[in-house]
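What follows is one structure encoded as structure tokens, with my remarks underneath.
Residue numbers (this note's numbering), protein chains in the order written: chain Z, 1 to 239; chain V, 1 to 213.
Right, dumping it as structure tokens:
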């Protein structure tokens, strides 16, 4: 077995970064983002990136730090509302932006990773999203054609992995990570726990190791929360 | 008196049925969770990858790996499940979710909904809204009846870029409830908020509608 385990983020990215490349980055908001890999990409300084990610972090954290360093040329996202610098760069023309409906984005990545070049969906029919795309009727309903997506590199965050690259995610930190793991020409994963072979529950592996090229145990997991929302102790639980 | 936000959320909760899988949007739709009738079993879906959303956590028990689509910390229930965004949108786009309650900027007679962009302003993105309106079986919109300027929002045709064509089933505003029926039949005003008259609704609405209150 080729050794997939690396010592840190920089070692895991060694030789994989080049200017003008396309990178898929897992996460929803700041939940389940590969924060160690993003920091290493910032450190490396690679530029003119096209980044495919549901969101673009916040000012000062997540993908926001690549914006600060002017490393991103184009974002492919479904929602970017949490980032003031993003708005500023977009309005000044320094940053290109392609909006995809969230489900279309997820399916484009799933399709790309599964070798499916295009598919039809009802999402976006009759809207700006369908402009310039083929629309076809199936069983009396209109569908728009969307293309599968692949990337030069996918950066993924998982909770737990073994040296084979078998991954398990935790709670809603799964989000876009499993599809992106399949759609990178190279896929690099950071994990919170690296366990010995045999210690993963084989029936509960979310991403099998075949999709993974390199992995490492992250040095730091800050795991910031965008909107801490709580309820008072005395409130009755509403299910 | 016209309805307030809580009244609108409570009225929207009237669209829930036992056994429903439901997706609630951000804003007033989120409040609908507080009005699920006692004894009714409703499962809330969060499009970032969770079924069976629980209440907000107690202070000190927040988990960065457990958020809703509005990026707020939440909790799980014994019946909860987690899945990827692709599986989440297979539920939404595949017609497995019974009801979507979401906010709106404009609704038109033909069932069109606009709720994601205003040309000339910074666009934040459509998130999952286009998928929800395209795939969920029943779509209920909860919005203010007029703009802050007083301009009507229930229109003959949307003049903002739309989120979906012919997708709205029901519209709830502070003035009343309208059956839109995806534009397949004329719009019908089916309920009035207390103290609101049909004349007031007509004065504040561009769309033509039948009165069935």
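Beta carbons: idealized from backbone N, C-alpha and C, even for Gly.
Inclusion of residue 171 of chain V and residue 143 of chain V in the CB contact set at 9 Å is warranted, their separation being smaller than that value. By the C-beta criterion, the segment 69-81 of chain Z is judged not to be in contact with the segment 15-25 of chain V, since fewer than 3 inter-stretch pairs fall below 8 Å. The beta-carbon separation of residue 204 of chain Z and residue 173 of chain Z, rounded to 15 Å, does not stay under the 8 Å limit for a contact. At a Cβ-Cβ threshold of 9 Å, residue 159 of chain V and residue 169 of chain V do not count as neighbours. With contacts defined by Cβ atoms closer than 9 Å, residue 64 of chain V and residue 26 of chain V do not form a contacting pair. Counted as a single uninterrupted DSSP element, the beta strand (DSSP E) harbouring residue 216 of chain Z occupies residues 214-217. Per DSSP, residue 107 of chain Z is one residue of the alpha helix (DSSP H) stretching across 102-113. For residue 28 of chain Z, DSSP records a beta bridge to Z:31. Between residue 97 of chain V and residue 137 of chain V, the C-beta gap is smaller than 9 Å, which places the two residues in contact. Contact annotation: residue 5 of chain Z and residue 163 of chain Z have beta-carbon atoms nearer than 9 Å. Take the alpha-carbon of residue 33 of chain Z and the one of residue 174 of chain V: they are about 40 Å apart.
Ranking Z:23, Z:79, Z:84 by CA distance to the CA of residue 59 of chain Z puts Z:84 first. The contact set of residue 179 of chain Z on chain V, defined by CB atoms closer than 9 Å, consists of 84, 85, 86 in chain order. Contact between residue 127 of chain Z and residue 161 of chain V holds: CB atoms are separated by about 7 Å, below the 8 Å threshold. A distance below 7 Å between beta-carbons, with the five flanking residues on each side excluded, links residue 112 of chain Z to the following residues of its chain, in chain order: 148, 149, 150, 183. Under DSSP, residue 212 of chain V forms no beta bridge with any residue.
Only residues of its own chain outside the window of five on either side were considered, and among them 175 have a CB closer than 8 Å to the CB of residue 200 of chain V, listed in chain order. Per DSSP, residue 6 of chain V is one residue of the alpha helix (DSSP H) stretching across 5-13. Contact holds between the segment 31-48 of chain Z and the segment 10-19 of chain Z, because three or more Cβ pairs, one in each stretch, are under 8 Å apart. Chain V has a Cβ within less than 9 Å of the Cβ of residue 176 of chain Z. The DSSP-derived three-state label of residue 200 of chain V is helix. For residue 187 of chain Z, the closest Cβ of chain V is not nearer than 9 Å. Contact check for residue 102 of chain Z against residue 128 of chain V passes: the beta carbons are separated by less than 9 Å. In the structure shown, residue 170 of chain V adopts extended strand secondary structure according to DSSP, grouped into three states.
Residues of the segment 113-147 of chain Z with a Cβ closer than 8 Å to any Cβ of chain V, in chain order: 121, 122, 123, 124, 125, 126, 127, 128, 129.
In this structure, the straight-line span from the alpha carbon of residue 165 of chain Z to that of residue 153 of chain Z is close to 16 Å. Residue-level contact check: residue 102 of chain Z touches chain V, since one or more beta carbons of chain V fall below 9 Å from its beta carbon.
If you draw a straight line from the Cα of residue 231 of chain Z to the Cα of residue 30 of chain Z, it is about 21 Å long. Bounds of the beta strand (DSSP E) holding residue 176 of chain V are 176-179.
Looking at the DSSP output, residue 168 of chain Z shares a beta bridge with Z:160.
With its beta carbon less than 9 Å from one in chain Z, residue 124 of chain V belongs to the interface.
Residue environment: residue 112 of chain V is assigned as buried (16 or more neighbouring CB atoms within 10 Å of its CB, all protein chains considered). Taken in chain order, the unbroken stretches of beta strand (DSSP E) that lie wholly in the segment 63-148 of chain V and span 3 residues or more are 76-82, 99-103, 106-108, 138-142.
Assignment of beta-bridge partners to residue 79 of chain Z by DSSP yields no partner. Beta-bridge pairing by DSSP links residue 46 of chain V to V:50.
Where residue 143 of chain Z is concerned, the enclosing beta strand (DSSP E) starts and stops at 141-147.
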